[in-house]
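In what follows, a structure is listed as structure tokens, so that the remarks can point back to it.
Protein chains in written order, with our numbering: chain L, 2 to 426; chain B, 143 to 274.
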């Protein structure tokens, strides 16, 4: 069966090990003084030369970039940088960069489609994927050169990260600290449902929900629940208003005939509802409780991705501005050499070039087709990543509460265009 | 960065100078019966405001997703669910846009073939009714 063939379990990459490099952002004050001392002193020697990287170097670049970001006052979540292979990146493409996902055939299909396009050289892979969570998880391709790694650290871990933390859409609609826990819950729930009710039944509900995913979003924030104090004050205010409006003359008016009153049951819902998935979840007469919960899970994910679709231009622009600013500052400080800058500028100009209106690979939105294509020749020299933890930060497992090995990366359609700013040139 | 999304950011901050540098122009796609494409506006003094507005609208998420709303649910009667689609620029839904209908039918227990398509009193609205 087609679905059986393409069905892909979200945790199938369990056995792959992933290198983890965690570091906490230092408090701003300390970094400022560090930055100014460097500026006054004579230029420092470059952190590294050449294209090769290792985890020590990665960590030193990250520290240097964090210092510069602190100097500029960028407010970011803590970073969790993970190095992944191209295969894991393809894995990540299938479910929107999320580290945990529930099983569904469409993710497997997406994986195979991307994999084949990549193997045939029809599409390049992103340099990195970053997701809006706290800590902010960034996946870096292990085939990147040192300069590219530094570029994507500045771009994703400081540019996108600060955007996620600062922009009002992300602040209002998504809870970065809770999303990973929710994903773990969703995955477990879907798998339990499959055991209890059968994979086909679960798949039917999920298929239906995915079709309506775009209509499962609250576009306008509902007012926050009132507190008890405010509620009491509101009631008192209403009472006072009635007292002010009292006029004994109203008593003398003849009463309306009762049949003129409109039928209250006539129209339900009272106002049109834009969130169709929510409406189905709430009022469907047929759905079982577990089916309602599945609808809710898809709805929550749709809501989580909603701000990303609305801020593609701004988010990429912001990250691009900051990687340019940060890396130039590093160059001023003498921490990177000219060869690094030339390589970085090549990637950078590929990203910001305005394509001609009739250029084939870039027709359409300028933002969804950053960069040019490449052939996947670099996978051969894959280094085996080993788990590694930065000094100073405890080697705690990922914030999901899951083992690092059970997590997997993924990226959805809404933001597949999202990390592609860093597509290899 | 804090208080904008793409649409509002572009309409607020895209400068005429940058539009000239990028040589932006807009192609009119609303005239269906003409053979040649018509350039609606370019980055000059007269056209840049309209051009900027059009570009900003391309990035408005609410314009890309069809506006379908639940207007009536007869939960005490035949459980029919009425959805209303407000057309934007007179464009109807195509077949692939309507694929969600089956899912809603599943949820309220109707067969998809029994959907009625009709026009409501509002000129631009199409309502889809699903009798149970």
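Cβ atoms here follow ideal geometry from the backbone N, Cα and C, with glycine treated the same way.
When secondary structure is reduced to three states using DSSP, residue 170 of chain B falls in the strand class. Listed in chain order, the non-local C-beta contacts of residue 107 of chain L below 7 Å within the same chain comprise 211, local neighbours out to five positions each way being set aside. Closer than 7 Å at the C-beta level to chain B, one finds these residues of the stretch 302-330 of chain L: 310, 311, 312, 313, 314, 315, 319.
Residue contact check for residue 143 of chain B against chain L: a CB pair falls below 8 Å. Residue 209 of chain B is bridged by DSSP to B:228. Residue 302 of chain L places its beta carbon 8 Å or farther from that of residue 151 of chain L.
Excluding the 5 residues flanking it on each side, residue 212 of chain B has same chain C-beta neighbours closer than 7 Å at 223, 225, in chain order. Shortest Cα-Cα distance from residue 220 of chain L to any of L:255, L:277, L:200, L:111 involves L:277. It is roughly 27 Å from the alpha-carbon of residue 284 of chain L to the alpha-carbon of residue 179 of chain L. The alpha carbon of residue 77 of chain L has as its nearest neighbour, out of L:146, L:163, L:135, L:338, the alpha carbon of L:163. Between residue 169 of chain B and residue 233 of chain B, the alpha-carbon positions lie close to 18 Å from each other. Sequence-distant partners of residue 182 of chain B (beyond 5 residues in either direction) whose C-beta falls short of 6 Å from its own C-beta, in its chain, are 168, 170. Linking residue 170 of chain L to residue 119 of chain L through their CA atoms gives a straight-line distance of about 33 Å. For the stretch 186-213 of chain B, the beta-carbon criterion of a distance under 9 Å to any beta-carbon of chain L is satisfied by 200, 201, 202, 203, 204, 206, 207, 208, 209, 210, 211, 212, 213.
Residue 231 of chain L sits exposed, since fewer than 16 C-beta atoms from the chains shown fall within 10 Å of its C-beta. Put simply, the stretch 134-149 of chain L does not touch the stretch 292-302 of chain L. Fewer than three CB pairs are less than 8 Å apart.
The straight-line gap separating the alpha-carbon atoms of residue 218 of chain B and residue 274 of chain L is approximately 18 Å.
Pairing residue 323 of chain L with residue 75 of chain L gives a Cβ-Cβ distance under 8 Å. Residue 182 of chain B carries a strand assignment under DSSP once its states are collapsed to helix, strand and coil.
Scanning its chain for C-beta atoms nearer than 6 Å, with the 5 sequence neighbours on each side dropped, one finds around residue 111 of chain L the residues 95, in chain order.
Between residue 103 of chain L and residue 155 of chain L, the C-beta gap is not smaller than 8 Å, which leaves the two residues out of contact.
The C-alpha of residue 60 of chain L is placed about 60 Å away from the C-alpha of residue 237 of chain L. In the structure shown, the three-state DSSP call for residue 288 of chain L is coil.
In the three-state scheme derived from DSSP, where H, G and I count as helix and E and B as strand, residue 295 of chain L is classed as helix. Proximity of chain L to residue 182 of chain B at the Cβ level (cut-off 9 Å) is not reached, the minimal Cβ distance being about 14 Å.
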